[in-house]
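Accompanying notes for the structure given below.
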Amino acid sequence: MGLQKFLTLLDFKKKVSTKALVLFTRQLATLIAAGLPLVKALRTLYDQLEPGALKGIIKTVADEVEGGSNFSEALSHFPKVFPDFYVNMIKAGELGGMLEGILKRLSEFLDKAQKLKDRVKSALMYPMFVMIVAVLILIMLMVFVIPTFTSMFSELGGNLPLPTKILIVVSDITRRIWFLIPLIPVCVIAVYKAIIKNPD
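Take 1 as the starting number for the sequence shown in my numbering and just add one per residue.
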């Protein structure tokens with residue numbers, strides 16, 4: 001393995017956004033449609049890109065294709081950037097002589113998938129915010145408000161209804177584990193990120 005390829009393999013672990021992948025795929029389709037050979041098209045895109053993970057990957061892919069590898073084979077070395085379905089579609093395009101058309105379809109599919117993901121994010125943001133606020137309000141009630149009623153009930157005496165007793169117990173437990181309360185929004189955010197990450 002050459003030094004350049006080793007450095008690229010280290011760099012590709014940095015995330016390449018779907019937007020960047022869509023743009024690369026669309027521009028590559030345009031250049032191939034204009035009659036440029038694949039290697040020339042890849043090197044043209046390499047020259048146009050800002051420094052980053054994708055730029056290094058494109059150079060490595062171009063070098064491998066120029067050295068005799070199939071385009072799909074070169075892409076398969078970077079599975080975190082080019083998923084299996086992407087590589088398989090490219091392979092089908094190579095075998096069927098339809099690389100330009102496949103690239104166009106891939107760019108359209110990835111673009112629609114990203115827009116759908118953005119809509120899901122937007123749809124989840126408001127309910128998540130409302131839930132966090134509701135939890136914080138509930139905690140404030142349990143920690144600060146309910147105890148004042150508890151002392152009042154104690155002074156009055158008498159047998160309290162079961163729901164009231166349960167509320168007092170929950171309030172007491174909440175005050176005892178107050179140091180765990182900051183973990184609630186952390187857990188909520190972690191769940192949100194997991195939900196968003198999975199569709200991708």
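A virtual CB, placed ideally from N, CA and C, is assigned to each residue, including glycine.
A quick note: this is a predicted structure, and the numbers were derived from the prediction, not measured.
- Query: Using a Cβ-Cβ cut-off of 6 Å (strictly less than) and excluding sequence neighbours within five positions of Phe-82, which residues of its own chain qualify?
  - Reply: Only Leu-75 meet the Cβ criterion.
Exercise. Assign Glu-64 to one of two classes, buried (16 or more other C-beta atoms within 10 Å of its C-beta) or exposed (fewer than that).
Key: Buried, since its Cβ has 16 or more Cβ neighbours within 10 Å.
- [ ] State the DSSP-derived secondary structure class of Gly-93, mapped to helix, strand or coil.
- [x] DSSP places Gly-93 in helix when its eight states are reduced to three.
Q.
Quick check: the Cα distance between Ile-102 and Ile-132, rounded to an integer number of angstroms?
A. Taking the Cα positions, Ile-102 is about 44 Å away from Ile-132.
- Message: Determine whether the beta carbon atoms of Phe-78 and Ile-90 lie at a separation below 8 Å.
- Response: Contact flag unset, no.
task: Go ahead and pull the three-state DSSP assignment for Phe-6.
output: The predicted model places Phe-6 with a pLDDT of 49, which falls under 50 and marks its position as unreliable, so this point remains unresolved.
Within 10 angstroms of its Cβ, does Gly-52 collect 16 or more other Cβ (buried), or is it exposed?
-> By the neighbour-count criterion, in which a residue is buried when 16 or more other Cβ atoms sit within 10 angstroms of its Cβ, Gly-52 is exposed.
Original post:
Distance, Cα to Cα, Phe-153 vs Ile-173?
Top reply: In this structure, the straight-line span from the alpha carbon of Phe-153 to that of Ile-173 is close to 18 Å.
State the CB to CB distance for the pair Val-143 and Arg-176, rounded to an integer number of angstroms; the pair is presumed to be in contact (CB under 8 Å).
Actually they do not touch by this definition, with Cβ atoms about 10 Å apart.
- How many Å lie between Leu-23 and Trp-178 at the Cα? Looking at the two C-alpha atoms, the distance is approximately 49 Å.
Helix, strand or coil for Leu-103, going by three-state DSSP, please let me know. Here Leu-103 sits in helix by DSSP.
What do you get for Val-87, buried or exposed, if any count of 16 or more other CB atoms within 10 angstroms of its CB means buried? Classification of Val-87: buried, given that the 10 Å Cβ count is 16 or more.
| task | List the whole-angstrom C-beta distance separating Val-16 from Leu-42, where the pair is believed to meet the contact cut-off of C-beta under 8 Å. | result | Distance from Val-16 to Leu-42 at the Cβ level is roughly 15 Å; contact not present, criterion being Cβ atoms closer than 8 Å.
Nonlocal neighbours in the same chain, by C-beta distance under 8 Å from Pro-182, ignoring five residues either side: If we look at Pro-182 and ignore the five residues flanking it on each side, it has no Cβ neighbours.
**Prompt:** Whose C-beta lies closer than 7 Å to the C-beta of Ala-29 among residues of the same chain, with five residues either side of it excluded?
**Reply:** Closer than 7 Å at the Cβ level, and outside the excluded window around Ala-29, lie Glu-100, Leu-103, Lys-104, Ser-107.
- Is Ile-181 helix, strand or coil when you go by DSSP? Ile-181 falls in the coil class under three-state DSSP.
From Glu-73, Leu-110, Ile-57, Ala-34, residue whose alpha carbon lies closest to that of Thr-25:
In terms of CA proximity to Thr-25, Leu-110 leads the group Glu-73, Leu-110, Ile-57, Ala-34.
*Cβ-based burial, Ile-189 [other Cβ within 10 Å; buried from 16]*: Exposed, since its Cβ has fewer than 16 Cβ neighbours within 10 Å.
Ile-146 versus Glu-73, Leu-167, Ser-69, Val-39, residue with shortest Cα-Cα distance = In terms of Cα proximity to Ile-146, the closest of Glu-73, Leu-167, Ser-69, Val-39 is Leu-167.
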